[in-house]
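Chemist: Quick note on numbering: the sequence shown equals residues 1 to 656 in UniProt numbering.
Here a beta-carbon is modelled for each residue, glycine too, at the ideal position from N, C-alpha and C.
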Amino acid sequence: MPATSNATSSTSAPVAAHGAGAPAFDDEAFVYHINIALICVLALFVLLRLPRFLARFSDFSDFSGLIIRSVPPSQRRPTRRVEFTSSSQDDDRSGLPQLPSDDSHMMYLEKQHARRVGPDGNVVVSSYPPHVSSTPQFLRPTLLLLHKRLMPGLSFSHICVMAAYLGFWLYAGFYKANPFTDAVRFGWIAVAQLPWVLIFATKNNVLGFLLGAGYEKLNFMHRFAGRLTVLAVNVHALYYLYKWLMAGTFTNSIANPSNTWGLVALVCMDCLYFFSTPFWRKKAYNIFILTHIPSVSLLLPAIVLHKRSTFNWVIATVAIYGFDVLIRLISTHINRATIRPIPELGLTRVEIPTLNHGWKAGQHIRLRVFSTGMGLLGWTEIHPFTIASVSGTEEGMVLYCKKAGGWTNKLYDLARSTSNLESGIRSSRFFNSSSSPSSSLDVGRKISVMVEGPYGGPGHRLFHSFSSAVFICGGSGITFGLSSIQELHQKDLLGKSRIKTIELIWVVQDPSNLVPLLPQLTAMVQQSEPFTPLRVRVFYTRAVTGKVPFDENFFKSTRLTLSPGRPKVSKLIEEVIETTLLPSTPSGGGGGYGARGAMGLSGPGRKDGEKKKGLLVGVCGPVGLADSVFQEVGKVDSTRRDQVGGIEVHEETFGW
1 MPATSNATSS
11 TSAPVAAHGA
21 GAPAFDDEAF
31 VYHINIALIC
41 VLALFVLLRL
51 PRFLARFSDF
61 SDFSGLIIRS
71 VPPSQRRPTR
81 RVEFTSSSQD
91 DDRSGLPQLP
101 SDDSHMMYLE
111 KQHARRVGPD
121 GNVVVSSYPP
131 HVSSTPQFLR
141 PTLLLLHKRL
151 MPGLSFSHIC
161 VMAAYLGFWL
171 YAGFYKANPF
181 TDAVRFGWIA
191 VAQLPWVLIF
201 ATKNNVLGFL
211 LGAGYEKLNF
221 MHRFAGRLTV
231 LAVNVHALYY
241 LYKWLMAGTF
251 TNSIANPSNT
261 WGLVALVCMD
271 CLYFFSTPFW
281 RKKAYNIFIL
291 THIPSVSLLL
301 PAIVLHKRST
311 FNWVIATVAI
321 YGFDVLIRLI
331 STHINRATIR
341 PIPELGLTRV
351 EIPTLNHGWK
361 AGQHIRLRVF
371 STGMGLLGWT
381 EIHPFTIASV
391 SGTEEGMVLY
401 CKKAGGWTNK
411 LYDLARSTSN
421 LESGIRSSRF
431 FNSSSSPSSS
441 LDVGRKISVM
451 VEGPYGGPGH
461 RLFHSFSSAV
471 FICGGSGITF
481 GLSSIQELHQ
491 KDLLGKSRIK
501 TIELIWVVQD
511 PSNLVPLLPQ
521 LTAMVQQSEP
531 FTPLRVRVFY
541 TRAVTGKVPF
551 DENFFKSTRL
561 TLSPGRPKVS
571 KLIEEVIETT
581 LLPSTPSGGG
591 GGYGARGAMG
601 LSGPGRKDGE
611 KKKGLLVGVC
621 GPVGLADSVF
631 QEVGKVDSTR
641 RDQVGGIEVH
651 EETFGW
């Protein structure tokens, strides 16, 4: 019964409780003003984020990431490249690709004679994006406390937000009211929270857009607000149930249509809560979804039939959900895809070449598969997957779907059933972003899929505005690292990336997990030269029982390494900071890298000449990995942190 009962007065207490002749307390108006206060607080947060919002959209190209689309080849971005004007690049590159060295003198010689060239043959002039730090320097010491994990996936800052939200509604519940006798107030508190529950849950909403936060980042508030709503509903209902049972009038009272619909609303709310607990979400996600939709569909009309004056609140809730559905319809595409298994990683690779534009690195889509091989009801399920490819390339959209449950296992089995030609293929055409669609689509199983999105991603945080970047990926979280680094490489060719050095740390279980992606990682290391060198460190956590699938001399280069154990993240971050602070020349100056030199227009010299704009740490993987990364970042010396311009962590975690 999430609203006031028609069998009682609309006041929250007898008039005598407020004094003889005092006007009745208007509960609906009171909770309305509580909502206005909440909106004002959120407006303050949006205002604080406004500089980052403006920085994000200062460049028209950063409007990408809103709607996925298909762009004909003639409309794609023209090719940029790096040219060398020195014979130092005329070394023998025959045979297997040779990875570059970390030797500073050799790197300097290459950079000294390198330049970015546009499609017209002219040198590309660098134009870096504005960088707005998430936290002013004088507040950086507070980040250690704010980022401290108190529970898996929940930091102290999350707890503070929930406590503030709780404080508003505690005030609403206890101001001039007794929860044991003024049940009407709690009915209005429940109804007044319904729009917030939907705002924090919908995939597309104005609040998330203004804050630069995807729905997965707001989901913790959806769960928390939902629990408070259920609590308020039950406090409201139990008062009347107890009152009627004690008076022996339950049968007559519940027969009143308004009270009957109140009971229906109560059952719907409790069903929503019960089937939204972690057990159902993780063990039986289908039941969670199948109970959510009908319960919400019945709940909203039941509230109005229980109390007519709740109509405006319900309409506001429906409008929020309707806006979300409309945007989903606009951003939904049905396409043909090619799937193939990757046994070493337990993944299914999904290629959708017809979708090639409109997303940013780190964003994900929701995938639905139309195939009888997915089972009778397989088409009813929709799952999120991070996009592994970069927007605007010939290969289109690429996804890696890890076997993690019934649906993904069926998808993997469907991919394996295609042909024996799949087994044993390790060619780089499967994984190298430079491969053409024709070469990558000659094998594999064709299926129809529905793609919805994109969602999530970096939001207002501009990866290419930082001075350096570290990406830490666990298992299939490598998709985030691959797309982010490739996008940074694209930005660098355009002269729009301030990033000076990139570190990719990939944690896997077995060395063989590296085999399928080795060609792409090797190509990425080579392509990152000379302006934004990439170093890839792969760590395996499981003891090797058989033969390592690599020659002992394979990892000669320090730019691609394979090591046992787990990475010491804080130490690796310190190394990246040291590299970022070092000048690009062996001598620390000269060599044609001055800000006024020709190479200063687009070379590392300009990056050295600018004040450091911070270190980006991106993490993608299980919740535990993200929690440990935040802990390790907190260990970095504060002086070094300030020297590099601050450290910001962007997380994309599984399990939300």
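Return helix, strand or coil for Phe-539, following the three-state DSSP convention.
Modeler: If DSSP states are grouped into helix, strand and coil, Phe-539 belongs with the strands.
Chemist: Can you give me the Cβ contacts of His-222 inside the same chain, cut-off strictly under 7 Å, excluding the 5 residues immediately before and after it?
Modeler: Closer than 7 Å at Cβ, skipping near neighbours: Val-197, Phe-200, Ala-201.
Chemist: Check whether the segment 259 to 267 and the segment 209 to 226 are in contact - that is, three or more C-beta pairs closer than 8 Å.
Modeler: Result no; under three Cβ-Cβ pairs closer than 8 Å.
Chemist: If you run the structure through DSSP and keep just helix, strand and coil, what is Ala-13?
Modeler: Note that Ala-13 has pLDDT 39, beneath the 50 cutoff, so the model's placement of it is unreliable and the number below is only indicative. Residue state, collapsed to three classes: coil.
Chemist: Where do the ends of the alpha helix (DSSP H) carrying Asn-205 lie?
Modeler: That residue, Asn-205, is in no alpha helix (DSSP H); it is neither H nor E in DSSP.
Chemist: So the candidates are Thr-348, Lys-360, Thr-338, Pro-384; which of them puts its Cα closest to the Cα of Lys-410?
Modeler: Ranking the options by Cα distance to Lys-410, first place goes to Thr-348.
Chemist: Does the count of Cβ pairs from the segment 240 to 251 and the segment 297 to 316 closer than 8 Å reach three?
Modeler: Touching, no.
Chemist: If you measure between the beta carbons of Leu-616 and Ile-577, is that distance less than 8 Å?
Modeler: Contact: no.
Chemist: Would Val-507 pass as a contact of Arg-566 if the rule is Cβ separation under 8 Å?
Modeler: In this structure, Arg-566 lies closer than 8 Å to Val-507 by Cβ.
Chemist: Rounded to the nearest angstrom, what separates Glu-422 and Pro-343 at their Cα positions?
Modeler: Unreliable placement is indicated for Glu-422, whose pLDDT of 45 sits below 50; the coordinate value is still reported in the next sentence. Distance between the alpha carbons of Glu-422 and Pro-343 is about 10 Å.
Chemist: Are the beta-carbon atoms of Val-124 and Leu-494 separated by less than 8 Å?
Modeler: Cβ distance < 8 Å, so Val-124 and Leu-494 count as in contact.
Chemist: Pull the bridge partners of Glu-394 from the DSSP assignment, please.
Modeler: DSSP output for Glu-394 lists no bridge partner at all.
Chemist: Quick check on DSSP: helix, strand or coil for Pro-187?
Modeler: Checking the displayed sequence, the identity of residue 187 turns out to be Gly instead of Pro. In this structure, Gly-187 counts as helix in the three-state DSSP scheme.
Chemist: Note the first and the last residue of the continuous beta strand (DSSP E) segment covering Arg-308.
Modeler: Premise fails: Arg-308 is in no beta strand (DSSP E) and is neither H nor E.
Chemist: Contact between the segment 230 to 243 and the segment 270 to 277: three or more CB pairs below 8 Å?
Modeler: A contact exists between the segment 230 to 243 and the segment 270 to 277.
Chemist: Rounded to the nearest angstrom, what separates Tyr-400 and Trp-359 at their Cα positions?
Modeler: Spanning the two alpha carbons is a distance of roughly 16 Å.
Chemist: Please report the distance separating the alpha-carbon of Val-548 from that of Ser-512.
Modeler: Cα to Cα, Val-548 sits roughly 7 Å from Ser-512.
Chemist: Please look up how many angstroms separate the CB atoms of Pro-152 and Val-623, rounded, as I've assumed it's under 8 Å.
Modeler: Their Cβ separation, rounded to whole angstroms, is 5 Å, which keeps Pro-152 and Val-623 in contact under 8 Å.
Chemist: Grouping DSSP H, G and I as helix and E and B as strand, with all else coil, what is Ser-133?
Modeler: Looking at Ser-133 - three-state DSSP - the assignment turns out to be coil, as it is neither helix nor strand.
Chemist: If you reduce the DSSP assignment to three classes, tell me which class Ile-447 lands in.
Modeler: Reduced to three states, the DSSP call for Ile-447 is strand.
Chemist: Starting from Met-524 and walking both ways along the alpha helix (DSSP H), at which residues does that stretch end?
Modeler: Residues 518 to 527.
Chemist: Between which two residues does the beta strand (DSSP E) containing Gln-363 stretch?
Modeler: 363 to 370 is the span of the beta strand (DSSP E), which, as asked, contains Gln-363.
Chemist: Could you tell me if residue 701 is buried or exposed, where buried requires 16 or more neighbouring beta carbons within 10 angstroms of its beta carbon?
Modeler: Summary: the structure shown does not reach residue 701, with the chain confined to residues 1 through 656, and so no result is reported for it.
Chemist: Rounded to a whole number of angstroms, what is the C-alpha to C-alpha distance between Ser-253 and Pro-179?
Modeler: Going by the C-alpha atoms only, they are around 21 Å apart.
Chemist: When the distance is taken between beta carbons, is Gly-405 closer than 8 Å to Leu-625?
Modeler: No, the pair does not count as a contact, with Cβ atoms beyond the cut-off.
Chemist: Can you give me the C-alpha to C-alpha distance between Phe-539 and Leu-562, rounded to a whole angstrom?
Modeler: Their Cα atoms are separated by approximately 6 Å.
Chemist: Taking the beta carbon of Glu-575 as the centre, do at least 16 other beta carbons fall within 10 Å, making it buried, or is it exposed?
Modeler: With fewer than 16 Cβ atoms within 10 Å of its Cβ, Glu-575 is classed as exposed.
Chemist: Spatial neighbours of Leu-581 within its chain, please: C-beta separation below 8 Å, excluding the five flanking residues on both sides.
Modeler: Lys-612, Gln-643, Val-644, listed in sequence order.
Chemist: Excluding sequence positions up to five away, which residues of its chain have a Cβ less than 8 Å from the Cβ of Ser-64?
Modeler: Closer than 8 Å at Cβ, skipping near neighbours: His-357, Gly-358, Trp-359, Lys-360, Ser-391.
Chemist: Just the C-alpha distance for Pro-519 and Arg-52, rounded to the nearest angstrom, thanks.
Modeler: Distance between the alpha carbons of Pro-519 and Arg-52: 37 Å.
Chemist: For Ile-485, write down the residues that DSSP places opposite it in a beta bridge.
Modeler: Partner(s): none; Ile-485 has no beta bridge.
Chemist: Note down, in chain order, each residue of its chain lying with its Cβ closer than 8 Å to the Cβ of Phe-45, except the 5 sequence neighbours on either side.
Modeler: Excluding residues within five positions, the ones whose Cβ falls inside 8 Å are Leu-211.
Chemist: Ala-634 bridges to which residues according to DSSP?
Modeler: Checking the displayed sequence, the identity of residue 634 turns out to be Gly instead of Ala. DSSP, once it has assigned bridges, lists no residue as partnering Gly-634.
Chemist: For the alpha helix (DSSP H) containing Leu-218, name the first residue and the last one.
Modeler: Its alpha helix (DSSP H) spans residues 215 to 247.
Chemist: Alpha carbon to alpha carbon, how far is Asp-492 from Leu-109? Give it in angstroms, no decimals.
Modeler: Low confidence applies here, because Leu-109 scores a pLDDT of 48, under 50, leaving its location unreliable; read the following figure in that light. Spanning the two alpha carbons is a distance of roughly 19 Å.
Chemist: Residues in the same chain with beta-carbon distance under 6 Å from Thr-181, minus the five sequence neighbours each way, listed in chain order, please.
Modeler: Within the same chain, Thr-181 has no close Cβ partners at all.
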